[in-house]
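First comes the structure, then the notes that go with it.
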Amino acid sequence: MKNEYLRHTLTTIDYRFQKSVKYRNTDFGDYTLGKESRSPKEIINHMYFVLSSTTIYIQEERIQKGEPDKLNLELEIERFNSEIKNLDKVLSENELDINYSKRLLQGPLSDILTHIGQISMLSRLNNNPIESEDFSSSPIKTGTT
456 MKNEYLRHTL
466 TTIDYRFQKS
476 VKYRNTDFGD
486 YTLGKESRSP
496 KEIINHMYFV
506 LSSTTIYIQE
516 ERIQKGEPDK
526 LNLELEIERF
536 NSEIKNLDKV
546 LSENELDINY
556 SKRLLQGPLS
566 DILTHIGQIS
576 MLSRLNNNPI
586 ESEDFSSSPI
596 KTGTT
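Reading the sequence shown from the start, the letters are residues 456 to 600 in this note's numbering.
Below is the structure:
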């Protein structure tokens, strides 16, 4: 399997993201702590931009410019989910060398995991804590996003 480790990381991102947005209430997308902090829908918009920029860079070796349109929470979630599938497809078709892979892990993929943690924290603060589990035993299967 091409890029198995990166694809497993992407599947892990998908799994954790789905948990972070699973039990949301109607106002969660706009929930904010104030002080210029991002709302969940703004965080997901940024996560989408990071993923789509990564996809474009792998395919075309160019930097994406401009920010994506801002959508409501449901559409941001759908767009992010779609881009996870798109990046997984690109990774399945393009073998990346180890140094390139390390840069993707330490850069955009780790950034997205950090933001998923922010969404999970905001969910808890919005009275919807994420169910606890042993994530090392989660039913994650590479290539199923």
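Backbone N, C-alpha and C fix where the C-beta goes; we use that ideal spot for every residue, glycine too.
Assuming the contact rule is C-beta atoms closer than 8 Å, Ile513 and Asn549 should be a hit. Round their C-beta distance to whole Å, please.
With a Cβ gap of about 6 Å, Ile513 and Asn549 count as contacting.
Below 8 Å CB to CB, which residues in the same chain sit around Met456 once its five sequence neighbours on both sides are set aside?
So the qualifying residues of the chain are Arg462, Ser547, Thr597, Gly598.
Please go through the stretch 486–551 and give each complete alpha helix (DSSP H) segment of 4 or more residues, from N-terminal end onward.
Taking only runs of at least 4 residues, the alpha helix (DSSP H) segments lying wholly in the stretch 486–551 are 495–515, 528–548.
Relative to the alpha-carbon of Lys520, which residue among Leu526, Val505, Glu491 has its alpha-carbon at the smallest distance?
Of the candidates Leu526, Val505, Glu491, the one whose C-alpha sits nearest the C-alpha of Lys520 is Val505.
For the 8 Å Cβ check, are there 3 or more pairs between the stretch 522–539 and the stretch 480–493?
Contact check between the stretch 522–539 and the stretch 480–493: three or more CB pairs, one atom from each, fall below 8 Å, which counts as touching.
Taking the beta carbon of Arg579 as the centre, do at least 16 other beta carbons fall within 10 Å, making it buried, or is it exposed?
Arg579 counts as exposed, since fewer than 16 other beta carbons sit within 10 angstroms of its beta carbon.
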